[in-house]
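Take the sequence shown: its position 82, counted from the start at 1, is 82 in full-length UniProt numbering, and no numbers get skipped.
Using N, Cα and C, we set each Cβ at its ideal position, and we do this for glycine too.
See structure below.
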Amino acid sequence: MTEILETPATGFDDPVQQSQQAFRALLDAMARPGRVVTVETETGHPDGLSPALAAALLTLADLDTPVWLGPGFDTDAVRTWLRFHSGAPLAAKPDQAAFAVLDAAQMPALETFSFGTDESPERGATLLVQVQSLGGPSLMTWRGPGIKDSISMSFCGLDQSLWRQRAALSIEFPRGVDLYLGCGRDLVALPRSTAISFEGA
1 MTEILETPAT
11 GFDDPVQQSQ
21 QAFRALLDAM
31 ARPGRVVTVE
41 TETGHPDGLS
51 PALAAALLTL
61 ADLDTPVWLG
71 PGFDTDAVRT
81 WLRFHSGAPL
91 AAKPDQAAFA
101 VLDAAQMPAL
111 ETFSFGTDES
121 PERGATLLVQ
131 VQSLGGPSLM
141 TWRGPGIKDS
151 ISMSFCGLDQ
161 SLWRQRAALS
171 IEFPRGVDLY
181 LGCGRDLVAL
191 PRSTAISFEG
201 A
């Protein structure tokens with residue numbers, strides 16, 4: 001019996017040009033934590049994966065960067081699409097991943113990912129987290145490079161316990177994880193250099 005292989009969803013039509021455009025948006029978001037950046041770059045994406053995070057994956061992942069697909073994204077469609085368009089290997093465990101694709105509703109503890117080492121902090125993972133909304137009441141304060149004084153932020157669709165885990169990681173800097181929170185075509189970045197405090201705390 002002949003196996004029928006699923007055709008992967010499309011990716012970038014012009015990989016060089018479009019990945020450069022997406023990379024500029026990703027850099028802008030990381031340089032200005034808390035600022036909502038719209039990824040205008042057109043890209044195909046498997047069902048369930050937002051355009052912003054799809055563009056981020058196709059821009060950042062390559063043959064040398066293992067990707068861990070969290071619950072909700074570890075599907076045949078996403079695996080086939082990622083392999084076909086980026087060639088990135090799939091990590092068997094979260095702590096082996098350079099990048100992780102995650103659903104905000106099914107987030108594992110941050111300590112399951114690599115924080116890098118004192119000698120090589122750049123080996124800390126980058127988490128691409130899909131959220132339902134980037135809005136909501138301001139419940140946190142972010143401070144750090146790229147932020148003038150401070151900025152008030154909502155929980156952006158993540159559970160408060162996750163934010164408290166992330167706040168506790170500040171003492172590990174320069175080790176840690178970087179986050180992109182994506183909703184539709186929009187995303188917000190949270191580099192490991194940003195410190196977090198909570199209202200009333």
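- For glutamine 18, the enclosing alpha helix (DSSP H) starts and ends at 15 to 31.
- The continuous alpha helix (DSSP H) containing aspartate 76 extends over residues 76 to 86.
- The three-state reading of DSSP puts alanine 167 in helix, counting H, G and I together.
- With 16 or more other CB atoms across the displayed protein chains lying within 10 angstroms of its CB, isoleucine 196 is buried.
- Residue pairing of threonine 141 in beta bridges, as defined by DSSP: Ser152 and Ser197.
- Here threonine 59 is buried, its C-beta having at least 16 other C-beta atoms within 10 Å.
- Leaving aside the five residues that flank proline 191 on each side, the residues in its chain whose CB is nearer than 7 Å to its CB run, in chain order, Met30, Pro33 and Asp178.
- When secondary structure is reduced to three states using DSSP, leucine 134 falls in the coil class, being assigned neither helix nor strand.
- In this chain, alanine 189 is not harboured by any alpha helix (DSSP H); it is covered by the beta strand (DSSP E) spanning 186 to 190.
- For alanine 105, there is no enclosing beta strand (DSSP E), as DSSP marks it with neither H nor E.
- Serine 152 and alanine 167 have their C-alpha atoms spaced approximately 15 Å apart.
- If you draw a 10 Å sphere on the C-beta of aspartate 186, you find 16 or more other C-beta atoms in it, and that means buried.
- The three-state reading of DSSP puts aspartate 95 in helix, counting H, G and I together.
- The region 61 to 74 makes contact with the region 83 to 92; the number of CB pairs closer than 8 Å reaches 3 or more.
- The secondary-structure analysis by DSSP pairs alanine 100 across a beta bridge with Trp68 and Leu127.
- Counting C-beta pairs with one atom in each stretch, the region 143 to 162 and the region 94 to 103 have fewer than three that are closer than 8 Å, which means they do not touch.
- The shortest C-alpha to C-alpha distance from phenylalanine 115 to any of Ser138, Ala22 and Pro174 is the one to Pro174.
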